[in-house]
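Just so we're aligned, residue 201 is where the sequence shown starts under the numbering used here, counting upward by one.
Ideal placement from N, C-alpha and C gives every residue a C-beta, glycine not left out.
Here the structure is laid out as structure tokens; the discussion comes afterwards.
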Amino acid sequence: MDGNARKKYLSSKLWLPILVVAIAGYVAHTYKQYYVETPAYKLTDEDIRLLKKALLEQAVIKHEETCSETTKSCYTMTDYIMLEREEFTVLRMMVLNNAKPFSHSQTELMLPKDMTVDQVNTKYWPVNKRKLFSTYTKMMVGMGFAMEALSFEPKSMQQMLMIGLGGGVINNFLSTLGPESMINFTTVELDPEVFSLALDWFHLVETPTNRVVIGDGVEFIREAVGKGDKYKVILVDACYDEIRPVCCPVEGFMDPETVKDIGNILDEDGILSINVLTSGKGKGDEREHILALYKKHFTSCFYTYINYSTKKTAQQQLLFCTHRKNWSYREQESRFLRNLQRVDQTFNFELRGTYTTD
Numbered sequence: 201m202d203g204n205a206r207k208k209y210l211s212s213k214l215w216l217p218i219l220v221v222a223i224a225g226y227v228a229h230t231y232k233q234y235y236v237e238t239p240a241y242k243l244t245d246e247d248i249r250l251l252k253k254a255l256l257e258q259a260v261i262k263h264e265e266t267c268s269e270t271t272k273s274c275y276t277m278t279d280y281i282m283l284e285r286e287e288f289t290v291l292r293m294m295v296l297n298n299a300k301p302f303s304h305s306q307t308e309l310m311l312p313k314d315m316t317v318d319q320v321n322t323k324y325w326p327v328n329k330r331k332l333f334s335t336y337t338k339m340m341v342g343m344g345f346a347m348e349a350l351s352f353e354p355k356s357m358q359q360m361l362m363i364g365l366g367g368g369v370i371n372n373f374l375s376t377l378g379p380e381s382m383i384n385f386t387t388v389e390l391d392p393e394v395f396s397l398a399l400d401w402f403h404l405v406e407t408p409t410n411r412v413v414i415g416d417g418v419e420f421i422r423e424a425v426g427k428g429d430k431y432k433v434i435l436v437d438a439c440y441d442e443i444r445p446v447c448c449p450v451e452g453f454m455d456p457e458t459v460k461d462i463g464n465i466l467d468e469d470g471i472l473s474i475n476v477l478t479s480g481k482g483k484g485d486e487r488e489h490i491l492a493l494y495k496k497h498f499t500s501c502f503y504t505y506i507n508y509s510t511k512k513t514a515q516q517q518l519l520f521c522t523h524r525k526n527w528s529y530r531e532q533e534s535r536f537l538r539n540l541q542r543v544d545q546t547f548n549f550e551l552r553g554t555y556t557t558d
């Protein structure tokens, strides 16, 4: 088969059926039947161009739905294909079926190196662990450094705790920093099915310094108080799987005793970051209620608000708290901004202009 004939075969017989039915296995099988002697046929640049074009036309690929026996929540693993700043981008989302259009997690995929026909299905593409896609996850990590709870040049292990795993995108990012970061990261996840999805679809890998505990976050924190554990950074990303006046955090983290316990395990120079998502369907004072609750147990607390480029049906903000006096964004703006500039330079977060504060 000459070059022109092969291009015609690829465009009319191969790529479009892949995306129409989203079953690359069938296409690969057909392709292998023709190229009997080259079952691992390596795609050319032109092949990849045609594949990208077809994927962009498809735009959305739904892989599979999974329901949890523990929480009864259902998730659809979905890949979205788009041009992001004119760059071909594939974004994987763990979509919450009961809370659309919200997703439990999102991460960017990469084109496989030396791609073969066996890898045309985006299901098998590798995850770009170095890149955090959502602004709020960047802020959760970045403010740990900006507020000086975490150091770029640590002299001892930096203990971090996260409640709520999702797809494990923050775990994945921290795993790319290397041992010199000296971060010991523990994540507590209630639902074992979510942990399985993180392993299978977001390629989470546990290590001695990046581990996942299956259990209740409130109970874990209570036990940590009894053991005298301390953390430099505590991240709370615990959300309901349906639209409520307060989608995040869940009720357990609005209990005064739990808030007190969190304060007891936070290092004196540490920071607490909570994902607060309100739907606008409540009385309108939910955000202020949460802030007042946490101010009873922390010296400084403030909100940052995520600026979305597209219209959202809910308001997402992050609540940051610390035991340090005069350590709010308003009081330390120039210092935090200087530190955030280093965060952007180090991690390529591009946080400038993506948030506002009180």
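Assign Ile-443 to one of three DSSP states: helix, strand, or coil.
coil
Thinking C-alpha only, which one of Lys-495, Pro-449 and Leu-491 is nearest Val-476?
Pro-449
Give me, in chain order, the residues of the same chain whose beta-carbon lies closer than 7 Å to that of Lys-460; leave out the 5 immediate sequence neighbours on both sides.
His-497
Output needed for Trp-527: all residues of its chain with C-beta closer than 6 Å, excluding positions within five of it in sequence on either side, in chain order.
Ser-500
Please give me, in chain order, every unbroken run of the alpha helix (DSSP H) with length at least 4 that falls completely inside the segment 229-307.
245-258
Beta-carbon proximity check, Leu-390 vs Gly-367, cutoff 8 Å
no
Sort out for me which residues DSSP pairs Thr-386 with in a bridge.
Leu-361 and Arg-411
Can you say whether Phe-453 is buried or exposed, counting buried as having 16 or more other CB atoms within 10 angstroms of its CB?
buried
Would you call the segment 527-546 in contact with the segment 341-348, where contact means no fewer than 3 C-beta pairs closer than 8 Å?
yes
Euclidean distance between Cα positions of Leu-472 and Phe-373
19 Å
Could you pull the start and end residues of the alpha helix (DSSP H) that Asn-464 belongs to?
456-465
Return the chain-ordered list of same chain residues with a C-beta closer than 6 Å to the C-beta of Cys-267, the five sequence neighbours on each side being excluded.
Cys-274
Quick check: the Cα distance between His-263 and Trp-325, rounded to an integer number of angstroms?
13 Å
If distances are taken between C-alpha atoms only, which option among Ile-248, Leu-466, Thr-522 and Gly-484 comes closest to Gln-515?
Gly-484
Less than 8 Å between the CB atoms is what I'm expecting for Thr-322 and Asp-279, so what's the real figure, rounded?
5 Å
C-beta atoms of Glu-269 and Glu-393 nearer than 8 Å
yes
Determine the contact status of Met-277 and Met-294, defining contact as a CB-CB distance below 8 Å.
yes
Alpha carbon to alpha carbon, what distance is there between Tyr-241 and Leu-435?
45 Å
Evaluate the contact criterion for the segment 380-387 versus the segment 242-258: three or more CB pairs, one atom per stretch, below 8 Å.
no
With H, G and I counted as helix, E and B as strand and the rest as coil, what does DSSP make of Val-450?
coil
Three-state secondary structure (DSSP) of Asp-558:
coil
Residues in the same chain with beta-carbon distance under 7 Å from Thr-337, minus the five sequence neighbours each way, listed in chain order, please.
Val-369 and Ile-370
Could you give the residue range of the alpha helix (DSSP H) that holds Gln-516?
It is not in any alpha helix (DSSP H) - Gln-516 instead sits in the beta strand (DSSP E) that spans 515-522.
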